[in-house]
Structure formats: C-alpha cells, structure tokens
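Be aware that the sequence shown starts at 1, since it is given in UniProt numbering, and climbs by one per residue.
Just so it is clear, CB atoms sit at the ideal spot from N, CA and C, and this is done for glycine as well.
This one's a predicted model, so the numbers in the text were calculated from it and none came from an experiment.
First up is the structure itself, then whatever we jot down about it.
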Amino acid sequence: MRSTRVPGARRLPHDIPLPAPPEVLRKGPLRAGAFRTALHDPRTAVVVGRLLGTALIVCFLTGLLSHLMQHQPGWLALPSRPVWGYRVTQGAHVAAGIAAVPLLLAKLWVVYPRLYVWPPARSLRHALERLSIAVLVATAVFELATGLINIVQWYPWAFPFVPVHYWIGWVLTGALILHIGVQLPVITEHWSRGPEADPRPVDDATPSRRGLLVALGASVGVVTLATIGQTVSPLAKASPLAPRRPGVGPQRLPVNRTAAQAGVLQPIRDPEWRLTITGPLEVSLSRAELLAMPQHSVWLPIACVEGWSASARWTGVRIRDLMDRVGAPADATLRVFSLEQFSPYSVMEMRREYTRDPLTLLALGINGEPLAEDHGYPARIIAPNRPGVLQTKWVTRMEVLT
Ligand SMILES: Nc1nc2c(c(=O)[nH]1)N[C@H]1C(S)=C(S)[C@@H](COP(=O)(O)O)O[C@H]1N2
Ligand SMILES: [Mo]
C-alpha cells in the first residue's frame, strides 16, 4: 500500500483551505490527513446530493398532495380522476422515501468531515449556516425514520404521526431550499464532471467515485425492488420486505385494521343492522333493502397512505342514488359515520366531486362475494382517487350537510 499524503486532505468539500487546529487538538478527525479517501469532495457531494434532493422533493410534493386530499380546504375542488391517481402519488411518496435512506446515508458519509472544520464557527453567518445544516440533517433523519416506522405499522411514539410528519416536512423543505441556495456556487461549479473530476483512489482499499455510485445505485435498486411490490402488483412476489402485498389478505386484499381490532364485531354481526341516512328526508335501510336497490360494479384500488395499494371489483349502491333517496341537493356534502368509535376513521366527509361520481359506492360486496367483516361488512365506502383512510368501513349512518 502506498502511503502518499492525500493532496488537499484538509481541503474539505467547500474547497476552502482550512487553518490547522491548535497542536493539542490535532488528533483523530482533526489531525492532518485524517480523511484519506478523495470521495469527500464537492463533486461527489453534488452528485449524491442532487439524487437525494430529488427524492426529498418528490416526498414533499406528494406528501403535500396527500395532506390536501385528507384535509381538503374549502377553496380546493379535488379531481376524482384518474381513479389511480392517489395510488401513483402515494406509492411514489413511500418509494422515494425508502430510496432516500441509502442516499441520505451516502450523502452524510461524503460530507461528514465538514463536521470537523476548524474553527467550528468563523463568523455569525458561518455559525447560522452550520445550524441550518443541523436542522436539515435532523429533520431528514426524523422524516425518513418516522415514515419507515409508520409503514411497518409500529407506532412507538407519544405524538400524533400525521401532523408531526407533515409539519416537520415543511421545516425539512425550508432547510433544504436554504442549503441549496447557500451551496449554489458549489453546486453549479461541480454540476458537470470536470477534467480531473474522477479522483484516482488513494490506495487499493479506497473506492473510486464510480465504485461508490455503483454501490449506491445497487442499494437504491435493492431497497426499492424489495418494497415496491406493495403497490406494483406484478412485482409483489419479488418484494419480500413489503409490509403488505396486493392479493394477500381476506378476499385477496390486505387489511389495515381488522373488525376485531376496531371493536366492531358485535354491532356488525347484529342482524338488526340498518343504515340511516338523514337529509331533507330520512331513510333507514337494511342490508337486504340495499341489495334490492340498483347494484353497480366498479374496479377501484384501495390506496393506503402507508404506500400499499390493491385493486378489487366492488359491488354496491351508488352514493348519489342514496342521496337522491333523501332529497339531497346535487352539491351537498355527505358525512359518513362508522360503527367504529373513538378513532380517526369514525367520521369522514365527502364533497360533491366524490358523491356525484358514478364510481363512488356504498359497497356491499367485493370480488363477487359479500364483503368480509375485515373489509367493512355490512357496508363500506369506496370512491375513486381517494386516500385509503377515507374509504370508511362498517358504515352505520350518513348525514347530508346542507
Ligand atoms: N372504520 C374504519 N375504516 C377504515 C379503516 C379503519 O381502521 N376503520 N382503515 C382505513 C384504511 S387506513 C385503509 S388503507 C382502508 C383499508 O381497507 P381494507 O382493510 O378493506 O383493505 O380502510 C380504511 N377504512
Ligand atoms: Mo390506510
């Protein structure tokens, strides 16, 4: 092994020649030549950074969309088409988040020598810049970690995941934009490969940049393939790490929360179950009466916020037919109540884009069979292009809001 001193070993990613720390501190990461590989350079930081930045921006935009679909502001009309829209955007949200994990690890490895710049803060501006990096790293780690833990359905924290994941996403995006702004000169300078851009490995034990990027590409490929089958059905068998897979579950559809977990077994098995609809008029319908109404079949996906999705053939009564029964105005909003109580799924609202859509059903059957208890028996909502959390199961009452 050659033991040449790495040229510019104390020239860290900003290309700023750094003053040496005081003699007593020149140990460990603070000694000259502490970082032997040439891959802690700005070009590698830019190449990895733009991949990571792209993944994080995809996460932010798809996450924002998901938030708007779940908390629809009054001024925003949502499209109920394409029916698979949310399946694609939320699948992309989770896939980009998973791909961002190896990208973030690689990026942190490339730039971590900058932790040891000397002096730790040259000026107020430099100190603030370093603080913003601390916020960026902390929020990125937090978002990816909580997202991952959430999709495996483990909720070990004492805070509500959805609003915290959402608001930290804004902080992360702000810190990311600031970082891109501050680093813009470095980014533009190293965006394209320079003549001496691919540094030769220092010795046999250190990788080349190409080697690093190939390994990184392979890691992203493996984690993506191992999980993407949760939404891309033909790849389900190739995805051993997918928390849930299309086709696996009662009636070939995954279940998020079973009837037993939701504590609804007793009321849904009650032969006296009836659906009450209130509006200008009021009706109460048994399952047999609902089955006697015109039945429609639709092929629609359940697309869970946690990234899995699966299509099924749903059969039941059109929501707009039920609303007509109680004399609801065409643009009325519908509030739907589940038998499940004290849960975020107990009440759901649906505006006219969905209620008037001929594909929106009160489903009574799935894939040619009566709904399984875990899929919402005796009746559930299924609507096109909507987050799974709004596809309310075990419906008991609907209220027309006028
Ligand atoms: N009442 C009620 N409805 C619910 C849920 C629930 O826990 N309780 N889970 C929701 C979520 S998060 C999803 S993804 C879908 C899952 O539907 P499935 O179990 O029939 O596949 O139902 C939705 N409807
Ligand atoms: Mo879900």
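- Message: When you compare the CB positions of Glu143 and Gly181, do they come within less than 8 Å of one another, or not?
- Response: Walking along the sequence shown from the start, residue 143 turns up at place 143. Walking along the sequence shown from the start, residue 181 turns up at place 181. No, they are not a contact pair.
- Message: Suppose the cutoff is 8 Å on Cβ atoms and the five residues either side in sequence are ignored; what does the same chain contact list for Val248 look like?
- Response: Taking the sequence shown and counting its residues from 1, the one referred to as residue 248 is at position 248. So the list reads Ala236 and Pro254, once near-sequence residues are dropped.
- Cutoff 7 Å; reference His67; Cβ partners in own chain excluding five residues on either side: Along the sequence shown, one-based indexing puts residue 67 at 67. Counting only Cβ-Cβ distances below 7 Å, and skipping sequence neighbours, we find Tyr166.
- Taking only heavy atoms of ligand 2 into account, decide whether any of them is closer than 7 Å to the Cβ of Glu306. As a working mapping, residue 306 is identified with position 306 in the sequence shown. Glu306: yes, Cβ under 7 Å from ligand 2.
- Beta carbon of Thr258, beta carbon of Gly307: below 8 Å? Residue numbering aside, residue 258 sits at position 258 when the sequence shown is read from its first letter. Residue numbering aside, residue 307 sits at position 307 when the sequence shown is read from its first letter. Taking 8 Å as the Cβ cut-off, Thr258 and Gly307 do not qualify as a contacting pair.
- Message: So, at 8 Å on beta carbons, what are the nonlocal neighbours of Ala77 in its own chain, with the 5 sequence-adjacent residues on each side left out?
- Response: Locating residue 77 in the sequence shown gives position 77, counting from the first residue. Same-chain partners within the cutoff: Arg351 and Glu353.
- Assign Arg320 to buried or exposed, taking buried as 16 or more other Cβ atoms, counted over all protein chains shown, within 10 Å of its Cβ. Working through the sequence shown from its first residue, we reach residue 320 at position 320. So Arg320 counts as buried.
- Query: Excluding sequence positions up to five away, which residues of its chain have a Cβ less than 8 Å from the Cβ of Arg313?
  - Reply: The residue you call residue 313 lines up with position 313 of the sequence shown. Taken in chain order, the residues that qualify are Ser297, Val298, Trp299, Ile366, Asn367 and Gly368.
- Query: Sorted by chain position, which residues of the same chain lie with C-beta nearer than 7 Å to Thr139's C-beta, five sequence neighbours on each side aside?
  - Reply: Here residue 139 is taken as the residue at index 139 of the sequence shown, counted from 1. Taken in chain order, the residues that qualify are Ile168, Val171, Leu172 and Ala175.
- Query: Exposed or buried, Tyr86, counting other C-beta atoms within 10 Å across all chains shown (16 or more means buried)?
  - Reply: On the sequence shown, residue 86 is found 86 positions in, with the first residue counted as 1. Result: buried.
- Endpoints, the alpha helix (DSSP H) within which Trp314 is located: Looking up residue 314 in the sequence shown gives position 314. Premise fails: Trp314 lies in the beta strand (DSSP E), Ser309 to Arg318, not in any alpha helix (DSSP H).
- Task: Put residue 403 into one of helix, strand or coil per three-state DSSP.
- Result: Not covered by the structure: residue 403. The range shown for the chain is 1 to 402.
- Message: Helix, strand or coil, according to DSSP, for Ala143 in the structure here?
- Response: Counting from 1 along the sequence shown, the entry for residue 143 is found at position 143. Note that residue 143 corresponds to Glu in the displayed sequence, not to Ala. Glu143: helix per DSSP, three-state reduction.
- Considering Glu189, what are the terminal residues of the alpha helix (DSSP H) in which it resides? For this step, residue 189 is matched to residue 189 along the sequence shown. Run containing Glu189: Phe161 to His190, per the alpha helix (DSSP H) assignment.
- Query: Can you find a heavy atom of ligand 2 that lies under 7 Å from the Cβ of Asn385?
  - Reply: For this step, residue 385 is matched to residue 385 along the sequence shown. No, since every heavy atom of ligand 2 falls outside the 7 Å radius drawn around the Cβ of Asn385.
- Sort Ala292, Arg252 and Thr333 by Cα distance to Pro280 and report the nearest one. Looking up residue 280 in the sequence shown gives position 280. The option with the nearest alpha carbon to Pro280 is Thr333.
- Query: On the three-state DSSP scale, how would you describe Ser343?
  - Reply: Residue mapping note: residue 343 aligns to position 343 of the sequence shown, counting from 1. Three-state result, Ser343: coil.
- Does DSSP put Ser297 in a helix, in a strand, or in coil? Numbered from its first residue, the sequence shown carries residue 297 at position 297. Note: Ser297 maps to strand in three-state DSSP.
- Since I believe Val326 is in contact with Glu282 (beta carbons under 8 Å), could you give me their beta-carbon distance rounded to a whole number of angstroms? Counted from its first residue, the sequence shown places residue 282 at position 282. Counted from its first residue, the sequence shown places residue 326 at position 326. Contact holds; Cβ gap of about 6 Å.
- Mapping DSSP to helix, strand and coil, what is Pro384? For the purposes of this step, residue 384 is taken as the residue at position 384 of the sequence shown. DSSP places Pro384 in coil when its eight states are reduced to three.
- Have a look at Gln261 and Met398 and give me their C-alpha separation to the nearest angstrom. The residue labelled residue 261 in the question sits at position 261 within the sequence shown. The residue labelled residue 398 in the question sits at position 398 within the sequence shown. Roughly 23 Å separates the two Cα atoms.
- Message: Could you check whether the segment 89-109 touches the segment 43-60, counting it as contact only if at least three pairs of C-beta atoms, one from each stretch, sit closer than 8 Å?
- Response: yes
- For Gly53, count neighbouring C-beta atoms within 10 Å of its own C-beta (all shown protein chains included) and say buried if the count is 16 or more, exposed if not. Taking the sequence shown and counting its residues from 1, one reaches residue 53 at position 53. Gly53 should be labelled buried.
- Message: Looking at His190: is its Cβ nearer than 8 Å to the Cβ of Pro358?
- Response: On the sequence shown, residue 190 is found 190 positions in, with the first residue counted as 1. On the sequence shown, residue 358 is found 358 positions in, with the first residue counted as 1. The answer is no: Cβ separation not under 8 Å.
- Task: Give me the Cα-Cα distance between Gln48 and Pro250, rounded to the nearest whole angstrom.
- Result: Along the sequence shown, read from residue 1 onward, the residue named residue 48 stands at position 48. Along the sequence shown, read from residue 1 onward, the residue named residue 250 stands at position 250. In the sequence as presented, Gln is not what sits at residue 48; that position holds Val. Spanning the alpha carbons of Val48 and Pro250 requires a straight line of approximately 42 Å.
- Item | Among Leu390, Pro73, Glu129 and Val46, the one whose alpha carbon lies nearest that of Met348 | Taking the first residue of the sequence shown as 1, we reach residue 348 at position 348. The candidate whose alpha carbon is nearest that of Met348 is Leu390.
- Message: I need the boundaries of the beta strand (DSSP E) containing Leu275, first residue and last residue.
- Response: Numbered from its first residue, the sequence shown carries residue 275 at position 275. Leu275 -> beta strand (DSSP E) spans Arg274 to Thr278.
- Message: Taking the alpha-carbon of Pro102 as reference, which of Val222, Ser343 and Ala242 has the nearest alpha-carbon?
- Response: The count along the sequence shown starts at 1 and reaches residue 102 at position 102. The residue with the shortest Cα to Cα distance from Pro102 is Val222.
- Message: Using a Cβ-Cβ cutoff of less than 8 Å, which residues in the same chain neighbour Ala20 once the five nearest sequence positions on both sides are dropped?
- Response: Mapped onto the sequence shown, residue 20 falls at position 20. Around Ala20: Arg10, Arg26, Ala32 and Trp118.
- Message: Less than 8 Å between the C-beta atoms of Thr224 and Ala99, yes or no?
- Response: For this step, residue 224 is matched to residue 224 along the sequence shown. For this step, residue 99 is matched to residue 99 along the sequence shown. Against a cut-off of 8 Å, the Cβ pair of Ala99 and Thr224 comes out as a contact.
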